[in-house]
Amino acid sequence: MTSHLARIGSPSFLIVPGLDNLGPAHWQTLWQRLLRNTSRVEPGEWGAPDRETWVTRLDEAISAATGPVILCAHSLGCHAVAWWAATRAKQDGWPVAGALLVAPPECEDSEQISRLPGFAARPLVKLPFPSILTGSRDDRYATLAQSRRMAREWGSIFADAGAVGHINADSGIGLWPDGLSKLGRLLSLSGFGRRQRDASAETDTMIHRLAT
């Protein structure tokens, strides 16, 4: 599924924010400054998101890409990615080469369900591209068990992020080096770079190349 991607060259990165947008200290904002070839989806309606609008804006941003895309989604943005895959994506997901899904909320049980009517149910779809879903042990919006279940439903590899809240600016994680490590792993899964015996060295090399 990914062999043709590796021959195309370096990917571009598309930041997919969650509810209430990003602040200057959010890791997505910091990654946008750090990584080359990075842009951000602007779905609008931050306080009362409309699912169709979010998916449409995401589809427009993906369609504008001229090469392979790596999605970096947070919170409700992860659900937008899943709905895009269920309703708009081609069979092989092209041009999306992979997705890092960070702290998706359990919308059906969310205390903010009144703000998320279009996202109350999530699509039961296997994403047609490699993905890593990472959840926190003390996220108020999803338990670790719920995060694992979403990973299974979407066909994602699950990664335990530790106890870091909702993995946002309030978590105090700054650039979130552990997330960059997961991004490096995703790039390898998506067919970019060489697989090496020393996975740590591979990740360091990938991130260095992206940041310079």
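All residue numbers for the sequence shown refer to my numbering, where the first residue is 12 and numbers rise by one.
All C-beta atoms, glycine included, are put in the ideal place defined by N, C-alpha and C.
In this text the structure is predicted, and so the values were computed from the model without any measurement.
Determine, using beta carbons only, whether residue i and residue j come nearer to each other than 7 Å.
i    : j    : result
S142 : L112 : yes
L155 : R148 : yes
L138 : G166 : yes
P79  : P28  : no
L41  : S86  : no
P188 : A153 : no
Could you pull the DSSP bridge partners for residue i from this structure?
i    : result
R51  : I26
T145 : V113 and A170
A84  : V27 and L112
V107 : V80
Cutting at 6 Å between CB atoms, please list the residues of its own chain near residue i, excluding the five before and the five after it.
i    : result
I26  : Q39, Q43, R51 and C83
L127 : C118
A174 : R148 and D149
G88  : V27, P28 and G29
A36  : A180
S74  : none
So, for residue i: in the same chain, excluding its five sequence neighbours on each side, which residues have a beta-carbon less than 8 Å away from its beta-carbon?
i    : result
L200 : T13, G109, P141, I143 and I168
I184 : W38, V175, I178 and G190
V92  : V27, L69, L82, A84, A110, L112 and L138
P60  : L30, P54, L87, R126, L127, G129 and F130
G34  : T40 and A180
Taking residue i as the reference, give the member of the options with the closest Cα.
i    : options                   : result
R62  : I184, P134, Q157 and G146 : P134
A247 : F24, A75 and L197         : Residue 247 falls outside the range modelled here, since the chain spans only 12 to 223, and no answer is possible.
N32  : L46, S21, W65 and T49     : W65
A76  : T49, H85, W94 and G88     : T49
G104 : H90, D70, E56 and R159    : D70
H90  : F130, T145 and A172       : F130
A180 : G55, M161, P60 and A114   : A114
T145 : G58, M161, P54 and G55    : M161
A72  : E56, V107, W57 and A172   : V107
Who are the Cβ neighbours of residue i in its own chain at under 7 Å, not counting the five residues just before and after it?
i    : result
W94  : R62, V66 and P134
F24  : L46, N48, T49, I81 and C83
Q157 : E117
R159 : F169
Open item on the list: Quick check: the segment 186-201 against the segment 93-100, are at least 3 beta-carbon pairs closer than 8 Å?
Closed with: no
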